[in-house]
Each structure stands twice: as C-alpha cells, then as structure tokens.
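Residue numbers (our numbering): 13 to 478.
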C-alpha cells in the first residue's frame, strides 16, 4: 500500500528519535521488514525473489559488472510514487542501509547498482517513475528521472512538434543520471547542456523530505544540476525548458559548408532533411528507415565489455601530434575516440553557473572508448596507454574529466570515521568539477553531513566553518 503522509511523518519522527541509538550495522532483515510495512511487496525484489536477477540486469549495460564476484544489492526497490522513495530512504537511515539510485543504468562504472567493495546497500530503481508531462504553451515539461532520453524526445515531439531539447544521442540513457551530470548532446553549442535548461526539480533528501526548487534552496538546486548523481539526494523529476528548432534546408547547409569547409566537397546528395525527432533516431541507428517508435525501446544487451575515459582540449592539437596519435588505432585492442565540440552557448555560461566547469576556453572534449568481448583482451591496456600518451596535449592542473563519463582510474573515495574524506575526494573531484568541487562539498555538508548518499565517487561532505 502507498505510504500516507501521516505514516511518513511517523516514520520520520521515529527515525529522528531513534537514529542516534541504532547500532551502526543493523540487521538487513529489519531494513527489509521496514520496507515491507511501507512499500507494496511486488515493488521490492530480494535475491530470493524469482525476478531479482532480471530486474537487476534490466539496466546493466556492461557485462564486466555482472559477474559472480560483483557486490550486489541487498534488494532493489522499484517505486511508483514519491512516498515509496521517502520510505526507502527513511528505512535505510534507520537501519544503516545506504541506497544507490538507478535511472537508466548508464553509469560507466556501474556505481548505480553495484559496489567496488563489500558493503550492504539497496538500489532504488526509478524505471517506474518515467512520466513526461508536457506544457505545450509554455514549452516546458516535467520529466521523471526514470524516463529515458528516447521517451523524453518522443513524448515532447509528439505533443509539441517543432520543440527540441539539448541532451544525449543514446535513447536508453536515463534522464536522472544524464541531467545530474550536466547532459552533453548534439545541440549544446546552440542551447547549452541539459542542465542549462532546467527550471525546477523535485528531490527526496537525506532526511526523507520531498523538496522542490524553492524548498531545497539555491545551493542544493545548483548542486544537482551537474554535480553528479548519487551524492545529494534522489531527484524524482525535472522541469525542463524546450526550444524551437529549425536549422534550415539542405541548400542552406551545402552553401555554408562550401564556404566554411570547401575541402569536404559537400553536395546536395550528401544531405538529408528530416524532423528533429527523426534525426535523434538517425544519429543513433544510422538508418533513415528506422521508425521513431524505436526511441521507446528500453531493452539492452550484455554482449560488449567497455571502458571509457575522458579529456578536455583547450589548445589545438597540432597536425604533427595527430600524426603520432593515429598509429594508436592500429594497435591490438584499439577502440575509438569521440571529439565533442564546445564553444557557442556552452562557453558563454560562467564556469560556476552550474557545477560543470569545462566551459570558457574549451575547444572540445575527448571520449575514449574501448570495446571487447570475453577475457584476455588488450583493449583496457590500449585505452589507458593512449590516455597516458595524450597527457601533454590536454587540459592541465587539473587534467579535466567529465563526470558522466565516470572513470574510477582517476581516484576513489576513502572513508575515515564513517565519512568520506574530502582530501582524497579532491583527487578525482577537481578533475570533474574544477573550482566548483569545494562548493559541492560544502553543500553536501549542509544537506547530508552524515554522508548517507555515498559511493566510490560521491561528493564528500565538507562542514564549512567561518
């Protein structure tokens, strides 16, 4: 049954009254019993549940995180409303069981559903919270964190043709994680990142309160728009502003390309005209005949192992340097690199406007991707070797990285006295967030000083004293 307001308040009071006296490692059975009293049993899956494995695997993208030695959750909670999420947090706090949050499962290190080290944790999987409510007149939409980008694009374009939104190209990415890390996409030079177009949000904080922008305050609203998922609370929904988009016809494009890039020799035959919604399908599939309904497909496969890393480039890499880079792609285990241009609207926004700091002066970022199947591959060595080779050519002090291309190679948290160390967190945190990392940590110290929402690269709490 749903958790009533009165029950939620009673649970909160009980938590506040009893938490200090609860042992640090309460029995997992008590946590599960607490859940059963507040969340319908069909929404909670334990390893003994027949559907546990299928629910766990439903959003796993990388088979290296689904092995016999993978540290798996005590249970998976699949809420259908906010009170279920509040109950999961309050039960977790009361019985010392942390929760991790999964929307689409695209975390490159799988931290939304597994742990690097032995610990007892639960997963709150937001797949059932996936509504997209469009206000055509205002060109806005409230988007649940469990919706995928494909569902977001499809629903908005069908409700309001001509509107578009700057976000990623993979339709199975979850909105929650994508927005939490900034949200890079094909239209970012024109309209910025996803979070540059977020107007409001609803969040369950570390005390189980349900907050909107006004209630959460300026610092927390700032932090969730690019500060990475899994640190500050569970964002349930986002209010996003959509943009009218018309980029011209093929004749306009050929004329522009002939003027700016004549060496490409573009002709009318190289160009296709289509709606923005159709373009999101084409970019992902490469097939102009693929229907837009494929954007609603959330299914995944576990066929390909991957490893990803990232960099930022502020000074143009010379032709001579590229001549030294190209041979890397002839090596055993070679993958690909993707160059994602910055500038435009992205660069015109101040570095501290959101937690995403890689704006002014950035030419493009690099995403390194290695693929392989099975064991005994050279691909992990290839990607780390190329990353080391690129060090003199990319940003420095610190060497930048994109939090949505999460990479545990650059550092992991150390827990001291039950709380994540700020000093060890800085090692990776300043690569992701630059000068914004300290403000993120101070905000964490204000809203989650006990470090309840924690993983291997969650923002550590810094209690700031004047």
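Quick reminder that beta carbons are idealized off the backbone N, C-alpha and C, glycines included.
Quick caveat: nothing in here was measured; it's all calculated off a predicted structure.
Rounded separation between residue 37 and residue 105 - CA only: With a pLDDT of only 44 at residue 37, under 50, the local geometry of the prediction cannot be trusted, and no value is derived from it.
Contacts around residue 396, its chain only, beta-carbon distance under 6 Å, and the 5 residues preceding and following it disregarded: Excluding residues up to 5 positions away in sequence, nothing lies with its Cβ nearer than 6 Å to the Cβ of residue 396 in the same chain.
For residue 322, the first and last residue of its enclosing alpha helix (DSSP H): For residue 322, there is no enclosing alpha helix (DSSP H); the enclosing beta strand (DSSP E) has its first and last residue at 317-325.
Span of the alpha helix (DSSP H) around residue 9: Limits of the chain in this structure are 13 at one end and 478 at the other, which puts residue 9 out of reach.
Beta-carbon contacts of residue 310 that lie in its chain and below 7 Å, excluding the five residues immediately before and after: Closer than 7 Å at the Cβ level, and outside the excluded window around residue 310, lie 160, 184.
Own chain, CB closer than 7 Å to residue 33, minus 5 neighbours either side, in chain order: At residue 33 the pLDDT is 32, less than 50, meaning the model places this residue with poor confidence; the figure from the coordinates comes in the next sentence. Result list for residue 33: empty, nothing under 7 Å.
Cβ separation of residue 392 and residue 319, assumed to be a contact under 8 Å, to the nearest whole Å: Under the criterion of beta carbons closer than 8 Å, residue 392 and residue 319 qualify as touching, at roughly 5 Å.
DSSP-derived helix/strand/coil call for residue 229: Correct three-state label for residue 229: helix.
For residue 257 and residue 64, the rounded distance between their alpha carbons: When rounded, the distance between both Cα atoms is 43 Å.
Beta-ladder partner(s) of residue 133, from DSSP: The bridge partners DSSP lists for residue 133 are 110.
Cα-Cα separation, residue 324 to residue 358: Taking the straight line joining both Cα atoms gives about 14 Å.
Closest residue to residue 152 among 176, 285, 417 (Cα-Cα distance): When only C-alpha atoms are compared, the closest one is 176.
For residue 264, the three-state DSSP class (helix, strand or coil): Residue 264: helix per DSSP, three-state reduction.
Helix, strand or coil at residue 258 [DSSP, three-state]: Coil.
Beta-carbon gap between residue 79 and residue 231 smaller than 8 Å: Their beta carbons are not under 8 Å apart, which means residue 79 does not touch residue 231 by this criterion.
Rounded distance between the beta-carbons of residue 377 and residue 352, thought under 8 Å: Confirmed, Cβ separation roughly 5 Å.
Test item: CB-CB of residue 464 and residue 112 under 8 Å: No, they are not a contact pair.
Inter-stretch contact (C-beta, 8 Å, three-pair minimum) for the region 415-432 and the region 66-74: No, the region 415-432 does not touch the region 66-74.
Whole-angstrom C-beta distance between residue 246 and residue 213, which should lie under 8 Å: In fact, because the Cβ distance is near 11 Å, the residues do not count as touching under 8 Å.
Collapsed DSSP secondary structure at residue 88 in the structure displayed: If DSSP states are grouped into helix, strand and coil, residue 88 belongs with the strands.
C-beta contact flag for residue 193 and residue 238 at 8 Å: Going by C-beta atoms, residue 193 is nearer than 8 Å to residue 238.
Inter-residue spacing [alpha-carbon to alpha-carbon] between residue 225 and residue 409: Between the alpha carbons of residue 225 and residue 409 lies a distance of about 34 Å.
Assigned exposure category for residue 22 - 16 Cβ within 10 Å defines buried: Below a pLDDT of 50, predicted positions are generally treated as unreliable, and residue 22, at 41, falls in that range; the measurement from the model is reported next regardless. Taking all protein chains shown into account, residue 22 has fewer than 16 neighbouring C-beta atoms within 10 Å of its C-beta and is therefore exposed.
Minimum C-alpha distance to residue 381 - residue among 288, 124, 321, 85: Distances from the CA of residue 381 to each of 288, 124, 321, 85 were compared; the closest alpha carbon is that of 321.
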